[in-house]
Amino acid sequence: MSITDKDREMIEELVESKLKKLLSDRKKRMAIVASKGTLDMAYPPLILATTAAAMDIECSIFCTFYGLDIINKKKNKNLQVPSLANPAMPVSIPNIIGALPGMTAMATMMMKSWMAKVNVPSIEDLLNIAVESGVKLIGCQMTMDVMGVKKEDLIDGVEVCGAAAFLEYAVDADITLFV
Amino acid sequence: MSITDKDREMIEELVESKLKKLLSDRKKRMAIVASKGTLDMAYPPLILATTAAAMDIECSIFCTFYGLDIINKKKNKNLQVPSLANPAMPVSIPNIIGALPGMTAMATMMMKSWMAKVNVPSIEDLLNIAVESGVKLIGCQMTMDVMGVKKEDLIDGVEVCGAAAFLEYAVDADITLFV
Amino acid sequence: MSITDKDREMIEELVESKLKKLLSDRKKRMAIVASKGTLDMAYPPLILATTAAAMDIECSIFCTFYGLDIINKKKNKNLQVPSLANPAMPVSIPNIIGALPGMTAMATMMMKSWMAKVNVPSIEDLLNIAVESGVKLIGCQMTMDVMGVKKEDLIDGVEVCGAAAFLEYAVDADITLFV
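Next comes the structure, spelled out in structure tokens:
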């Protein structure tokens with residue numbers, strides 16, 4: 001028997017449709033590194049992750065360096081917005097004023113009130129939504145060692161692992177972001 | 001009919017070459033989140049996106065949080081460089097000096113003159129090149145609500161969407177970056 | 001000859017196994033943009049890259065903007081931690097204190113001692129490990145032009161290229177991160 005041109009064409013079509021199916025059937029995945037511990041930079045990983053979870057995209061957030069604060073229950077209710085060195089602040093204040101005591105608290109209060117006004121959930125609520133919707137929150141082992149943070153300092157439902165385990169996960173992700 | 005070993009071999013080769021072709025024919029895609037509104041961090045998404053467009057890589061920039069300023073026509077001509085809290089500034093100045101009035105403007109002027117000297121286009125020019133070369137610039141709906149920014153405040157040719165629509169796009173991208 | 005249902009099934013299986021093999025045979029790859037030149041943000045790209053190399057994931061770091069300092073041998077022994085504008089600093093100090101002369105040096109010294117205490121290698125050691133384990137360190141040509149940095153100012157074993165060459169590499173990467 002020999003494979004005819006028609007067979008060949010049919011086989012090629014079959015390959016194409018099967019490939020599309022295989023690629024679209026695969027569960028999509030997002031891997032985020034959260035390295036910042038300020039209030040303004042705690043929102044993006046949590047908003048992206050909870051949105052992804054609602055779209056049935058599997059998601060993990062690796063909380064490292066200052067980003068560990070986001071899942072540290074002693075700290076995550078008090079994440080703050082820097083009041084200086086960001087000329088893109090919506091309400092622009094000179095750095096010399098931004099450096100004054102109380103200005104960090106004021107910038108933080110302002111951001112919280114803006115977010116609440118348009119019904120963006122608080123960091124605490126976003127963390128609850130994340131855990132409930134299956135987002136994996138991961139504490140970076142090395143950061144915990146450096147900062148002297150223990151597993152029991154972290155919120156419930158969190159895992160702890162190293163960079164290698166996270167990279168193992170991220171290498172098969174469709175979206176990878178370093179925040 | 002039964003497929004002989006030779007047929008199978010031929011079919012395997014056919015499948016492999018077709019698969020490779022399908023995978024490499026696919027148009028490449030980059031999805032960038034621009035979250036910073038300082039002049040120094042406005043360059044990277046625009047330089048990467050316009051370079052990608054010239055290489056026939058499809059590209060979208062999702063402008064969120066402070067990054068919305070980059071496409072806000074009331075603000076994007078005045079993006080500034082923070083003059084303190086960045087010990088990696090090319091001209092190192094003590095923070096106590098960097099906090100003085102006028103230093104943000106000076107740091108901004110210096111960066112603009114360095115960029116111009118080696119013919120890096122201005123942010124305004126990069127935005128024009130981006131739009132002309134098919135880079136999709138997207139305003140984040142939530143940020144617009146939070147900041148009270150309207151569609152008409154944004155430059156021409158911009159789309160507005162939420163995080164979900166952006167993730168839908170990013171999940172099929174080959175390069176995903178959070179700036 | 002006509003392709004029977006059984007043949008079709010066989011071909012679909014073939015596509016699936018062939019695709020899996022193609023995807024798993026391919027060497028995994030990570031592409032990182034390092035855009036920050038502070039000590040705290042120099043660690044993540046180097047820790048991730050050296051970890052990846054140990055897992056047989058191919059890795060390149062494109063050092064651009066302030067991130068060029070990481071591979072600049074005149075500067076990379078003196079990378080510093082900003083002592084203000086980061087309310088997530090482990091030892092919280094008011095910005096007005098953080099702005100005082102000497103505070104950047106103190107914050108830097110503190111971070112170095114924390115890292116050393118749990119045996120995190122220094123930036124210098126991480127760079128050596130990176131080069132030895134095959135991580136490609138790349139200086140951004142445009143940044144070098146802007147800052148007046150020459151190839152001989154960079155550490156040994158570094159390449160120099162533009163954004164286009166880096167994107168060419170990144171478009172086939174499994175993990176892409178902008179630090």
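From first to last, the protein sequence lines are chains A, B and C. Sequence positions in the first sequence follow my numbering and run 1 to 179. Sequence positions in the second sequence follow my numbering and run 1 to 179. Sequence positions in the third sequence follow my numbering and run 1 to 179. The C-beta atom is built at its ideal place from N, Cα and C for all residues, glycine as well.
Residues of the region 103-117 of chain B whose Cβ lies closer than 8 angstroms to any Cβ of chain C, in chain order
Trp114, Met115, Lys117
| Which first and last residues belong to the alpha helix (DSSP H) in which Leu127/C is found? | 123-132
- Task: Give a yes or no on whether the minimum CB-CB distance between Leu14/A and chain C is below 7 angstroms.
- Result: yes
Just the chain B side, please: which residues come within less than 7 angstroms of Thr176/C by C-beta, in chain order?
-> Simply Ile175, Thr176, Leu177.
Assign Met30/A to one of three DSSP states: helix, strand, or coil. strand
Straight-line Cα distance separating Ala49/C from Asp156/A = 30 angstroms
* To do: Rounded to whole angstroms, what's the CA-CA distance from Asp40/A to Ala53/A? Just pull it up for me.
  => Approximately 21 angstroms between the Cα atoms of the pair.
Please report whether the beta-carbon of Ser35/A lies at a distance below 7 angstroms from any beta-carbon of chain C. yes
ask   = Thr38/C lies in the beta strand (DSSP E); which residues open and close that run?
value = Note, Thr38/C: premise wrong, no beta strand (DSSP E); not H, not E.
- Query: Under a CB-based cut-off of 7 angstroms, is Pro44/C close to chain B?
  - Reply: no
Given that Ser83/C touches chain B, what residues does it touch there, using C-beta distances under 9 angstroms?
Ala85, Pro87, Asn95
Mind listing the chain C neighbours of Pro121/B? Cutoff is C-beta to C-beta under 9 angstroms, in chain order.
Residues of chain C passing the Cβ test: none, with the nearest at roughly 11 angstroms.
* Nearest neighbour of Glu9/B, chosen from Leu14/C, Arg26/C, Thr108/C [CA to CA] -> Leu14/C
**Item:** CA-to-CA distance, Phe65/B to Ser35/B, given in whole angstroms
**Value:** 5 angstroms
Item to complete: For Pro101/A, count neighbouring Cβ atoms within 10 angstroms of its own Cβ and tell me buried if that reaches 16, exposed if not.
Response: exposed
- Query: According to the neighbour-count rule (16 or more other Cβ atoms, all chains shown, within 10 Å of its Cβ), is Ser60/B buried or exposed?
  - Reply: By the 10 Å Cβ count, Ser60/B comes out buried.
Inset, instruction - Say whether chain C places a C-beta atom closer than 7 angstroms to the C-beta of Leu167/B. - result: no
Check your understanding: Among Asp25/C, Ile57/C, Lys77/C, Phe62/C, which has the Cα closest to the Cα of Met109/C?
Key -> In this structure, Lys77/C is the residue among Asp25/C, Ile57/C, Lys77/C, Phe62/C with its C-alpha nearest to the C-alpha of Met109/C.
Using a Cβ cut-off of 7 angstroms, which residues of the region 44-68 of chain C contact any Cβ in chain A, in chain order?
-> Residues are counted here when their Cβ sits less than 7 angstroms from a Cβ of chain A; for the region 44-68 of chain C these are Pro44, Ile47, Leu48, Thr51, Ala52, Met55, Ile57, given in chain order.
**Report entry** Contacts that Leu19/C makes with chain A (C-beta to C-beta distance below 8 angstroms)
**Finding:** Leu19, Leu22
Can you tell me which of the three DSSP states Thr64/B falls into? coil
Based on the DSSP output, what are the partners of Glu58/B in its beta bridges?
Glu58/B pairs with Arg29/B.
Sorted by chain position, which residues of the same chain lie with C-beta nearer than 6 angstroms to Leu137/A's C-beta, five sequence neighbours on each side aside? Correct list, in chain order: Ile61, Ile71, Val158.
- Interface partners of Lys28/B on chain C, CB under 8 angstroms: Val171
Using the beta-carbon count (16 or more within 10 Å), is Lys150/C buried or exposed?
exposed
Open item on the list: Does any residue of chain C have a CB that is nearer than 7 angstroms to the CB of Met147/A?
Closed with: yes
Item to check | Exposure of Ile175/B, with buried meaning 16 or more beta-carbon neighbours within 10 Å | outcome: That one is buried.
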